[in-house]
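Below is one structure; the comments refer to it alone.
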Amino acid sequence: MAYRIVADGIGGPDVLKREEIEVGAPGAGQVLLRHTAVGLNYLDTYFRSGLYPWPPNAEPVAGGEAVGIVEAVGEGVSGFAEGDRVGYTLPIGAYTSHRIVPADRMMHIPDGVSDEVAACSILKGLTAHYLITRTFPVKPEHTVLFQAAAGGVGLIAGQWLKHIGATAIGTAGGAEKCALAAANGYGHVIDYRAKDFVAEVNEITNGEKCHVVFDGVGKDTYPGSLDCLRRLGMFVTFGNASGAIEDFSLKDIASRGGLFATRPSLFNYIVTRDELEEGASALFGLIEDGTIKVAVNQTYPLSDVAEAHRALEARETTGSTVLIP
Ligand code: NDP
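Residue numbers for the sequence shown follow the working numbering, so the first one is -5 and each next one is one higher.
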């Protein structure tokens, strides 16, 4: 029986409820997928908790990335056929066993990449890609700070930064997470629950500080992240794992040496088909040749997604989490 997980109101993980659905036929330009693996993202918790509003007229179904098998194609679809193994990222809607999706958002999954790895790396890996190669094109001579380095995006980013040859400093909570980050590309790792990360970055860089800070933690690491930047440095605040930054002021970046700041979203970077394909090709190329290993460290049945949300928000997870329909 086909089913989905809906948010029955705004609140904690308990609002997530399983309900059975009828599967329709794909319309023009659409494909029907049977999902085999769905990725869990911190983003999913923002919609559930009310930090982000559901888009107008959207069903309250979270889930930002998935992989599946094409079961039917609608009129006018080219490049995809019944039986193909494909994946996609869209902001919401993936917590479901079957789904009708626009064909122009699909990508073929290479043979060397498993469903579980692909489902955990499309949203997270394309995010690492755009942050590091487009928001701030990192070069070998750059010193980079990446907050929450042992998380889903963080572990992929560390390996990508090492591949580029940059000096990568990561932060993580606790010794175990720090060791994991160090094994995934970060040359220096700071336990920011035990130490003052601003002082540590200052020491590691001999007072020179960083060219760029990528911060998906938000409230708790702000404004410390700004204090880790050298003059004209770039503050990339891309998430709110600890809550949203509410008191940002242009004075904060002016007084620290004419900093730049941006609040990017993946979905502004993969608007065109070319952008999507360029990111996917770079990402899957590095996964297939072994440069990037995606750590799928937690697996849950999709029906138990509430428990997966609880663990993610309690900072109990490392790397990526996959949900199996
Ligand atoms: P993670 O696996 O990185 O999980 C979040 C991590 O944040 C936790 O494991 C924890 O690591 C750290 N953290 C710090 N403070 C808190 C807190 N108070 N509560 C919970 N966690 C905390 O998640 P994702 O890889 O899915 O996402 C990472 C970030 O990237 C998120 O903020 C997400 O929203 C953002 N993102 C943004 C995108 C964009 O385009 N803007 C796209 C994709 C993700 P530790 O225990 O080490 O502190």
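Glycine included, C-beta positions come from ideal geometry on N, C-alpha and C. Keep in mind it's a predicted model, so treat the numbers as computed, not measured.
Bridge partner(s) assigned by DSSP for residue i
| i | result |
| --- | --- |
| residue 62 | 29, 80 |
| residue 101 | 81 |
| residue 96 | 24 |
| residue 166 | 185 |
| residue -2 | 13, 90 |
| residue 145 | 313 |
| residue 293 | 316 |
| residue 223 | 204 |
Where residue i sits in the DSSP three-state scheme
| i | result |
| --- | --- |
| residue 47 | coil |
| residue 40 | helix |
| residue 287 | coil |
| residue 126 | helix |
| residue 7 | helix |
| residue 107 | coil |
| residue 230 | strand |
| residue 157 | helix |
| residue 136 | coil |
| residue 255 | strand |
| residue 34 | coil |
| residue 265 | coil |
| residue 74 | coil |
| residue 195 | helix |
| residue 67 | strand |
| residue 330 | Here the chain has residues from -5 to 319 only, and residue 330 is not among them. |
| residue 273 | helix |
| residue 250 | coil |
| residue 55 | coil |
| residue 241 | coil |
| residue 302 | helix |
| residue 179 | coil |
| residue 214 | helix |
| residue 19 | coil |
| residue 236 | coil |
| residue 308 | coil |
Where residue i falls, given that 16 or more other Cβ within 10 Å makes a residue buried
| i | result |
| --- | --- |
| residue 47 | exposed |
| residue 244 | exposed |
| residue 101 | buried |
| residue 51 | exposed |
| residue 174 | buried |
| residue 135 | exposed |
| residue 209 | buried |
| residue 228 | buried |
| residue 13 | exposed |
| residue 29 | buried |
| residue 16 | exposed |
| residue 85 | buried |
| residue 250 | buried |
| residue 123 | buried |
| residue 195 | buried |
| residue 67 | buried |
| residue 231 | buried |
| residue 137 | buried |
Contact belief for residue i with residue j at Cβ below 8 Å, rounded distance in angstroms
| i | j | result |
| --- | --- | --- |
| residue 200 | residue 118 | Contact flag wrong, Cβ pair sits at about 32 Å. |
| residue 42 | residue 303 | 7 Å |
| residue 45 | residue 177 | So it is not a contact: roughly 31 Å between Cβ atoms. |
| residue 19 | residue 318 | Contact flag wrong, Cβ pair sits at about 25 Å. |
| residue 256 | residue 292 | Their Cβ separation, rounded to whole angstroms, is 30 Å, which puts residue 256 and residue 292 out of contact at 8 Å. |
| residue 71 | residue 146 | About 31 Å separates the two Cβ atoms, so there is no contact after all. |
| residue 54 | residue 1 | 4 Å |
| residue 93 | residue 87 | 7 Å |
| residue 82 | residue 56 | Going by Cβ atoms, the distance from residue 82 to residue 56 rounds to 15 Å, so no, they are not a contact pair. |
Any chain B beta carbon closer than 8 Å to residue i
| i | result |
| --- | --- |
| residue 112 | Among the chains in the structure shown there is no chain B, since it carries only a single protein chain. |
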